[in-house]
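Here's the structure we're looking at; comments come further down.
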Amino acid sequence: MDDALNPSVDRFVSGDVEVLCLTDGGKVLPPEIFPTLDAETRGARLQAWGLGDIDIAFNTYLLRHPGGIDLVDTGCGSLVGADAGHTVRIMAELGIAPDDVDRIIFTHLHGDHVGGAFGEGGLIFPQAEILMHGAEADHWRGKDAPGGRLVAEAKRLVPLDDGADLGHGIRLWHLPGHTPGHSGLRIGGLVIVADIVHSEALQLPDPDLAPSYDVDPVQAAATRREALSRVAAEGSVWSGCHMLGPRKFARLTRDRGGFARVPL
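Residue numbers (numbering that gives the first Met the number 0): 0 to 263.
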């Protein structure tokens, strides 16, 4: 299926890198995920976005460039149920098999980003080089969790530093706080910010609002505000691993004490 006709795919081109955002699935978060947010404010912010619940998407990314094919995260796999874990199926619809993936760049190793790396027979992408920030590998090494399993089983794991040059204008952008090695990517005028924002409706108006998923909420809030400020100031196009669709690429503008999404 042509990606232009696939409702689970959005496309952006930056330089010689074609970026395909794949909707791995979706979920409704319970209000307790944002424990400091009162019900009235939560309801008003959701209503402004036309939402009744805290809806999020799970997004992965395919990067096609002259050097090959990179996959950014692998999605939920079987960890969330039937509402997610569709990355490999969408890839197949695009004519891309797991063996076609040269590198997997992990933003971090929470289950909804790494669960799709595993199948019944083990790792689904056995040929792929595994890249992530070194602090992320260290954080999960030895833990009884999908991230720990990946670090233990990956045969070609390459730890990276902030700013690592991955070729074709792709650089790692360390965004710590959500996890120690949590990172995004800078691809020319595009940035993939991973999980610095889980709910645009709730967090763009108040970047200091932290979900319970953040390992270090104080650092994560500082990272979120600094990163969003940079994206807005540079006029970059941005996308995030939980951005709702169907359009998964946008710009940011400052809006009072926070930010607002500006459609392309």
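By construction, the Cβ of each residue, glycine as well, lies at the ideal position given by its N, Cα and C atoms.
The Cβ atoms of D54 and L174 do not sit closer than 9 Å to each other. Within the stretch 0 to 54, the runs of beta strand (DSSP E) at least 3 residues long that lie entirely inside it are, in chain order, 8 to 13, 16 to 28. Runs of the alpha helix (DSSP H) spanning 4 or more residues and lying entirely within the stretch 78 to 131 occur at 86 to 92, 110 to 113, in chain order. For A259 and G120, the gap between their C-alpha atoms comes out near 44 Å. I68 is bridged by DSSP to R63.
In the DSSP assignment, V190 forms a beta bridge with R185, W237. Between L61 and L19 a beta carbon distance of about 4 Å is seen, short of the 8 Å cut, so the two are scored as contacting. Note that the C-beta distance between T106 and L165 is not below 9 Å.
By the CB criterion at 9 Å, A231 and R250 fall inside the cutoff.
Between the stretch 135 to 151 and the stretch 199 to 212 there are fewer than three C-beta pairs closer than 8 Å, too few to call the two in contact.
Between the alpha carbons of V16 and W237 lies a gap of roughly 15 Å. Under the three-pair Cβ rule at 8 Å, the stretch 91 to 102 counts as touching the stretch 113 to 129.
Counting the other Cβ atoms within 10 Å of the Cβ of P262 gives fewer than 16, which makes it exposed. Counting C-beta atoms within 10 angstroms of its own C-beta, R88 has fewer than 16 neighbours from the protein chains shown and is therefore classed as exposed. For D137, the three-state secondary structure derived from DSSP is helix.
Counting only residues of its own chain and dropping the five nearest sequence neighbours on each side, G84 has a CB closer than 8 Å to the CB of D23, G24, G74, C75, G76, S77, L78, G114, G115. Pairing L130 with L108 gives a Cβ-Cβ distance that is not under 9 Å. A check of alpha carbon separations from S235 across G147, V190, F33, V8 identifies V190 as the nearest. With fewer than 16 other Cβ atoms from the protein chains shown falling within 10 Å of its own Cβ, Q46 counts as exposed. In the three-state reduction of the DSSP assignment, T73 falls in the coil class, being assigned neither a helical nor a strand state. Residue pairing by DSSP puts A259 in a beta bridge opposite T252. Distance between R223 and A91, taken at the CA atoms: about 34 Å. P158 carries a strand assignment under DSSP once its states are collapsed to helix, strand and coil.
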